[in-house]
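Notes to accompany the following structure.
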Amino acid sequence: MVEVRGVGYRVGDVAILDGVDAAFAAGRFNVILGPNGAGKSTLLRIAAGLVAPSAGEVRLGGRALSSFEPEELARTRAVLSQHVELAFPLPVADVVLMGRYPHYGRVPTARDREIQARALELVGMAHKRDQAYPTLSGGEKQKVQLARVLAQIWNYDEPRRLTYLFLDEPTSSLDVRYQLHLLDVARDLLAYECTVVAILHDINVALRYGDTFLVLERGRVAAAATGPDAITAELLERVFGVRAHRAIDPADGQAFWRFSLS
Amino acid sequence: MTIRRWPYRRIHALLGALLVVALVASAGIGAFSFSPAAMARYVGGWLTGAPVAGSDVLARNVFLSLRLPRVLLAGLTGAVLGVAGTLMQGLFRNPIVEPGLVGTSAGAAFGASVVFVFGTGVAMASLGALAVPVLAFAGGLGATLLVYRLSASFGKVNVFTLLLAGIAVNAVCTAGTGFLSYIARDPQARNITFWNLGTFTTADWRGVALVGPVFLACFGVALRYAKALNALMLGEDEAAYLGIEPRRLIRRLLVLNTIMVAVATAMVGVIAFIGLVVPHILRLVRSADYGFLLPASALLGATLMEVIDVVARVVIAPAELPIGIITAIVGAPVFLSILLREQRQGSAGFYG
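Residue numbers (the working numbering), protein chains in the order written: chain A, 1 to 262; chain B, 263 to 614.
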């Protein structure tokens with residue numbers, strides 16, 4: 001459970017976030033939605049402990065974020081960013097092993113190696129473990145980063161340990177197949193009591209994967225809802241400034257949205 | 263591109279063996295040449311305090327008080343510059359960075375020139391023999407910090423700003439050094455000139471005793487940051503998510519690195535390009551993992567420096583070529599080829 005209490009963030013006179021309250025539930029896929037500039041990324045960076053808020057506080061599992069030691073926090077939560085590039089030719093397996101850095105001293109244990117191998121297997125990149133990271137395609141790079149982030153918090157043999165996974169627009173540069181694959185892997189973590197918090201741009205993808213939704217608008221909470229049915233056409237039209245049409249897929253009876261400008 | 267899986271230990275052992283060969287060769291070759299057996303006898307005699315045959319005294323003294331300290335100082339300096347280049351490239355996340363480019367060497371040279379010219383002043387006298395290393399450290403750290411601050415914004419190092427800031431800071435330091443040598447009297451000016459080109463002719467045991475412990479201490483500390491440097495490759499934010507405090511790491515490594523470079527530079531002068539070439543070769547051979555790179559760059563840096571020092575001694579014998587001239591002739595083409603390759607690969611390798 002991630003609790004965000006009265007969080008504000010100002011840069012000079014500009015309020016990026018203002019009095020944001022939110023609760024991201026454990027074992028749930030929590031989605032943050034909102035137009036560009038609504039403060040989604042800033043909220044995620046504050047909730048993940050990278051940036052200190054100007055006002056309010058964040059609690060992970062009931063404990064104030066500021067009370068965590070850096071390495072302890074790194075063993076508890078992981079963040080997958082949009083693009084991660086490397087200037088130097090490191091093999092894929094070494095990049096994934098970085099996820100275990102907060103867990104070991106100088107030499108990785110057999111368990112660290114095991115988690116590294118399983119994470120690579122899980123994202124389907126085990127066959128490229130010796131390839132140089134900078135020579136991968138964009139989609140492959142993101143899979144490797146996902147494996148690294150999984151290795152950081154995924155302790156397959158301790159299912160009860162609370163962990164948190166933050167995804168900052170993880171699929172924005174990926175084609176549709178990679179997108180679905182990546183989000184499926186993230187969803188599988190929910191079985192390990194992981195709290196997943198994701199910023200997603202594609203509303204149809206968000207509604208399909210998400211359990212709870214936090215809609216931000218100009219640094220404030222516009223809506224907090226559980227279940228895809230709680231997102232209404234009226235809300236989407238107001239926040240995003242578009243026309244929204246809800247339609248039903250005749251194949252499986254699921255709702256999806258189409259958008260137009262007028 | 264697939265990366266080779268040779269064990270790190272095997273490569274380190276191979277580099278270690280190469281270094282031993284280079285050390286023995288470098289100790290044996292020169293105006294006086296010594297056979298390995300003679301060298302073993304001198305060193306053995308020195309360690310056990312055994313008496314020497316009369317005809318052997320001169321050769322023994324030349325070896326023990328001139329050749330041996332020179333060879334050791336060259337190796338240590340090479341190791342310092344190799345490790346420093348590796349650390350700097352890690353901090354700046356860029357393969358073209360080395361102490362000469364980011365102002366460390368020019369800043370240190372300026373600091374040292376101040377001592378050469380005003381060395382008789384009261385403030386300097388209180389520092390004694392440490393005046394050159396201390397002022398070289400101050401100058402080197404100031405210049406490097408300035409270049410880093412100018413080129414790193416929003417957690418990323420911009421390569422164009424880095425190059426431009428490096429040019430500007432280097433120009434200021436070089437102008438300062440130039441001004442000092444202009445107002446200096448002849449012996450001081452000659453000191454500055456020799457020093458700017460790098461030389462091992464003045465090597466003595468005092469230099470070995472200073473550079474050796476400083477290198478070992480700094481290298482030992484740097485090894486503990488291998489994981490953190492690897493994580494920093496992902497960028498400052500990602501490193502922070504892995505529990506590393508990037509700002510603190512960068513500050514510490516900059517200081518550590520400048521101590522090493524300033525002390526070595528204070529003893530032998532400015533030697534460019536070793537710090538650039540060494541990590542570059544090692545990345546091509548095996549991997550960019552700092553757990554591998556740091557020890558390997560110490561070994562390869564030392565080996566290269568021995569080879570270059572031998573060349574400096576024999577190529578225009580009985581005179582000697584300044585070290586900096588050789589490293590520049592060898593290093594500049596390597597630098598240009600890295601630059602070209604990076605450019606062809608597009609922006610992937612650069613944080614531009």
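For glycine and all other residues, C-beta sits at the position ideal for the given N, C-alpha and C. Here the structure is a predicted model, which is why all the values come from computation and not from measurement.
Contact set between residue i and chain B, taken where Cβ atoms lie within less than 8 Å
i: residue 48 of chain A; result: 503
Chain B contact residues for residue i, given Cβ-Cβ distances below 7 Å
i: residue 24 of chain A; result: None at all; the shortest Cβ gap to chain B is about 17 Å.
Proximity to residue i [Cα-Cα], best of the options
i: residue 288 of chain B; options: B:264, B:328, B:522; result: B:328
i: residue 284 of chain B; options: B:589, B:594, B:565; result: B:565
i: residue 278 of chain A; options: A:192, A:204, A:150; result: One cannot answer for residue 278 of chain A here, as it falls past the ends of chain A, which runs 1 to 262.
i: residue 494 of chain B; options: A:24, A:73, A:95, A:38; result: A:95
i: residue 376 of chain B; options: B:558, B:468, B:445; result: B:445
i: residue 600 of chain B; options: B:357, B:264, B:544, B:277; result: B:357
i: residue 462 of chain B; options: B:435, B:515, B:529; result: B:529
i: residue 423 of chain B; options: B:576, B:378, B:413, B:549; result: B:413
i: residue 151 of chain A; options: A:55, A:180, A:192, A:117; result: A:117
i: residue 472 of chain B; options: B:410, B:585, B:393, B:487; result: B:393
i: residue 78 of chain A; options: A:52, A:146, A:8, A:176; result: A:146
i: residue 362 of chain B; options: B:373, B:350, B:355; result: B:350
i: residue 136 of chain A; options: A:86, A:181, A:164, A:115; result: A:86
Three-state secondary structure assigned by DSSP to residue i
i: residue 85 of chain A; result: coil
i: residue 91 of chain A; result: strand
i: residue 249 of chain A; result: coil
i: residue 612 of chain B; result: Caution applies to residue 612 of chain B, whose pLDDT of 38 falls short of 50 and renders its modelled position unreliable; the value that the coordinates give is listed next. Coil.
i: residue 466 of chain B; result: coil
i: residue 254 of chain A; result: coil
i: residue 362 of chain B; result: coil
i: residue 499 of chain B; result: helix
i: residue 76 of chain A; result: helix
i: residue 51 of chain A; result: coil
i: residue 69 of chain A; result: coil
i: residue 478 of chain B; result: helix
i: residue 211 of chain A; result: coil
i: residue 9 of chain A; result: strand
i: residue 411 of chain B; result: helix
i: residue 195 of chain A; result: strand
i: residue 267 of chain B; result: coil
i: residue 188 of chain A; result: helix
i: residue 303 of chain B; result: helix
i: residue 59 of chain A; result: strand
i: residue 18 of chain A; result: strand
i: residue 2 of chain A; result: strand
i: residue 226 of chain A; result: strand
i: residue 487 of chain B; result: coil
i: residue 577 of chain B; result: coil
i: residue 560 of chain B; result: helix
Beta-carbon neighbours of residue i, restricted to chain B and to distances below 9 Å
i: residue 11 of chain A; result: Under the 9 Å cutoff, chain B gives no residues; its nearest Cβ is about 13 Å from residue 11 of chain A.
Within chain A, partners of residue i - CB distance below 8 Å
i: residue 549 of chain B; result: 89, 90, 91, 94
i: residue 507 of chain B; result: 70
i: residue 513 of chain B; result: Result: empty, since nearest Cβ-Cβ is about 15 Å, beyond 8 Å.
i: residue 495 of chain B; result: 86, 87, 88, 90
Within chain A, partners of residue i - CB distance below 7 Å
i: residue 356 of chain B; result: 87
i: residue 492 of chain B; result: 98
i: residue 344 of chain B; result: Correct list: empty, because the minimum Cβ distance to chain A is about 16 Å.
i: residue 545 of chain B; result: 88, 89
i: residue 500 of chain B; result: 81, 84
Partners in chain A for residue i, counting only beta-carbon separations shorter than 9 Å
i: residue 318 of chain B; result: Near residue 318 of chain B there are no residues of chain A at all, since even the closest Cβ is about 48 Å away, more than 9 Å.
| request: Closer than 7 Å, Cβ to Cβ, to anything on chain A: give me those residues from the stretch 265-279 of chain B, in chain order. | output: 265, 267
### Task
Flag this pair as touching only if the stretch 15-24 of chain A and the stretch 215-224 of chain A have three or more C-beta atom pairs under 8 Å; answer yes or no.
yes
Notebook entry, point to check: Of all the residues that make up the stretch 123-152 of chain A, which are near chain B by a beta-carbon distance shorter than 8 Å?
Noted result: 130, 131, 132, 134, 135, 152
Pairing CB atoms from the stretch 193-202 of chain A with CB atoms from the stretch 97-114 of chain A, are three or more of them under 8 Å? no
Members of the stretch 71-103 of chain A near chain B, C-beta cut-off 7 Å | 71, 73, 74, 78, 79, 81, 84, 85, 86, 87, 88, 89, 90, 91, 94, 98, 101, 102
Could you check whether the stretch 155-165 of chain A touches the stretch 121-129 of chain A, counting it as contact only if at least three pairs of C-beta atoms, one from each stretch, sit closer than 8 Å? no
Taking 8 Å as the cut-off, does the stretch 494-514 of chain B touch the stretch 557-564 of chain B (at least 3 CB pairs, one atom from each stretch)? no
Exercise for review: Could you tell me whether the stretch 577-587 of chain B touches the stretch 551-561 of chain B, where touching means 3 or more Cβ pairs closer than 8 Å?
Suggested key: no
### Query
Of all the residues that make up the stretch 555-570 of chain B, which are near chain A by a beta-carbon distance shorter than 8 Å?
none
Would you call the stretch 582-597 of chain B and the stretch 367-374 of chain B in contact, with 3 or more CB pairs under 8 Å? no
Flag this pair as touching only if the stretch 39-53 of chain A and the stretch 160-173 of chain A have three or more C-beta atom pairs under 8 Å; answer yes or no. yes
Touching by the beta-carbon criterion (3+ pairs, under 8 Å), the stretch 522-540 of chain B and the stretch 63-76 of chain A:
no
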